[in-house]
Amino acid sequence: MIINTPLKTERTAANTKLIETNLAFRKLSFSEAVSYLVGTNVGAAVLSLPYAARTGGFPAVIITAVLCTFFSLASHLFIVETMLRTPEVTQLTGLFRTYLFRGRSGRFYLGFLFAVTIGVAIPALTAYILGGAESLQAITGWQRSTCLACFFIPGIAVVWLGLGITGKLQKLVSLAMGGIIIGLTVFSLLRPDFEPSRLAVFHTPGIWPLLSVGIFTCMSQTSVPEIVRGFADRPVLIPKVIRTALLINLAFVVVIPISIFGLLEPQDISQVATISWGKALGPAGFFVANIFAFFALITSFWGSAAAILTNIVDLFRFPSDWQIRSRLIAFTITVFPSIILIALNLVGFVELIQIAGSIGGVLLALLPVLVWRKSCQTGARIPEYRVPGWARVSLPWAMCLFYFGALIAAAVNL
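Residue numbers (my numbering): 1 to 414.
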């Protein structure tokens, strides 16, 4: 059954504009919005993917990247349609509250869901900080604490400045990352020790432990509301932003491992892949590769932390995301747990990515579909975008099978 129930209010809702709530609108250009999503995604998972793919080989990377990008794109677009059916622009927690969890018991379920979401997001933020500090330490030789501070301070400063500044910086840094990757890839392909035959090595069982990391390479669903806030006056363009960003992200995910697998034996690939990749390229290549890693991780930190912060503002119904007291509380909840995890030195870089990817993948696959189905029945706007008819029935079931399978695979391979 295709759920696309017309509403009695559609005639009056047809020209309804999206409504600003306690999350202020901040206009983004098309390139800034694309860069916002690319920067959020091209980070820890992309840099840890070659390490996770050591047993599967480069073909396993391609298969995993294409599958994960396809299902992630579907999940993103379900969220887009849901938000465009809803007059008030909220974060994901607001959508859950509107369509799934109502009343006294609903508040309990929403709180539980938020706790689980934060439990997934915090390992991701921690991984970004650890990976960025490791890359910086590799090229400077500074103490670990100094490198952590050099990542953390500009990381939280940009998040505090908000969506507009973050979008502009994401654009600048993403352009720099694109240029760096093109240069490093060409340099790698021209080296005499690049072996194309290594790219053909493939072990099918190696795909299973790779799935949870692959999911995390394009798990920017929590940033979709940020894009809607930035395009509230041009909602028809939002799907194009999503598709463009995820295609660019897929290019990053595929191109980086080409160089790494062509230059290195699997056992020589480091957890943060740019460290071993840079060593294979010589001193200059080592420096540039780790600058890229630092950029990739800090842009991911910016996007993910900003999404967590606005979810907190939405959940607790603070008056505004720019009221100083509210912003300080949300900001502290966002960043303080990562400081604790790093201080206690509880878990490693790749383990954090696997945790966030496997659990977060299931949440971000199932919940947007449930919310979307409900919004099709009760939403108060005519959306400027609808998920294509062919995808409205079979695709949600395929998404559930894929993400649950990835969760099981991650649990078996821990």
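We put the CB at the ideal spot given by N, CA and C, even for glycine.
Given the structure is predicted, the values throughout are model-derived calculations rather than measurements.
| query | Would you say Trp372 and Phe78 are within 8 Å of each other, going by their C-beta atoms? | reply | Numbered from 1 along the sequence shown, position 372 holds the residue referred to as residue 372. Numbered from 1 along the sequence shown, position 78 holds the residue referred to as residue 78. For Trp372 and Phe78, yes; Cβs fall inside 8 Å.
| With a CB to CB cut of under 6 Å and the five nearest residues on each side skipped, what residues in its chain are close to Ala53? | One-based indexing of the sequence shown puts residue 53 at position 53. So the qualifying residues of the chain are Ala60, Val61, Leu210.
| field | Terminal residues of the alpha helix (DSSP H) in which Leu31 lies | value | Working through the sequence shown from its first residue, we reach residue 31 at position 31. In the sequence under discussion, the amino acid at residue 31 is Ser, which differs from the Leu named in the question. 30-41 is the extent of the alpha helix (DSSP H) around Ser31.
| message | Taking 8 Å as the cut-off, does the stretch 235-246 touch the stretch 22-34 (at least 3 CB pairs, one atom from each stretch)? | response | Yes: the two stretches touch, three or more of their Cβ pairs being nearer than 8 Å.
| Cβ separation of Ile275 and Asn290, assumed to be a contact under 8 Å, to the nearest whole Å | For the purposes of this step, residue 275 is identified with residue 275 of the sequence shown, where counting begins at 1. For the purposes of this step, residue 290 is identified with residue 290 of the sequence shown, where counting begins at 1. Between Ile275 and Asn290 a beta carbon distance of about 7 Å is seen, short of the 8 Å cut, so the two are scored as contacting.
| field | Helix, strand or coil at Ile19 according to DSSP, with G and I counted as helix | value | For this step, residue 19 is matched to residue 19 along the sequence shown. Ile19: strand per DSSP, three-state reduction.
| query | Is there contact between the stretch 21-31 and the stretch 86-95, where contact requires at least three CB pairs shorter than 8 Å? | reply | yes
| Tyr51 versus Leu309 - alpha carbon distance | The count along the sequence shown starts at 1 and reaches residue 51 at position 51. The count along the sequence shown starts at 1 and reaches residue 309 at position 309. Straight-line measurement puts the Cα of Leu309 at about 31 Å from the Cα of Tyr51.
| message | Based on DSSP bridge pairs, tell me the residues matched to Glu88. | response | Counted from its first residue, the sequence shown places residue 88 at position 88. DSSP lists Ile19 as partners of Glu88.
| query | How many angstroms separate the CA atom of Gly389 from the CA atom of Lys240? | reply | Sequence index remark: in the sequence shown, residue 389 carries index 389 (1-based). Sequence index remark: in the sequence shown, residue 240 carries index 240 (1-based). So the two alpha carbons sit approximately 18 Å from each other.
| Hey, how far is the Cα of Pro225 from the Cα of Met83? | In the sequence shown, the residue the question calls residue 225 occupies position 225. In the sequence shown, the residue the question calls residue 83 occupies position 83. Roughly 8 Å between the two C-alpha positions.
| Where are the alpha helix (DSSP H) runs, 4 residues long or more, that stay fully inside the stretch 183-239, in chain order? | 211-216, 224-230
| request: Following the continuous alpha helix (DSSP H) through Leu344, name the residue where it begins and the one where it ends. | output: Reading the sequence shown from its first residue, position 344 is the one you call residue 344. Residues 324-344.
| query | Got a sec? Which residues, its chain only, sit under 7 Å from Gly285 by beta carbon, not counting five neighbours each side? | reply | By 1-based counting over the sequence shown, the position of residue 285 is 285. Counting only residues of its own chain and dropping the five nearest sequence neighbours on each side, Gly285 has a CB closer than 7 Å to the CB of Leu184, Phe187, Gly278.
| For Lys27, which of Val272, Ala391, Leu237, Thr222 has the nearest alpha-carbon? | The count along the sequence shown starts at 1 and reaches residue 27 at position 27. Closest option to Lys27, Cα to Cα, is Leu237.
| said: For Thr222, tell me which candidate among Phe202, Gly303, Val313, Ile342 has the shortest Cα-Cα distance. | reply: For the purposes of this step, residue 222 is identified with residue 222 of the sequence shown, where counting begins at 1. Closest option to Thr222, Cα to Cα, is Gly303.
| said: Am I right that Phe114 and Leu315 are in contact with their C-beta atoms under 8 Å? What's the rounded C-beta distance? | reply: As a position in the sequence shown, residue 114 is number 114, starting the count at 1. As a position in the sequence shown, residue 315 is number 315, starting the count at 1. That pair is a contact at about 5 Å.
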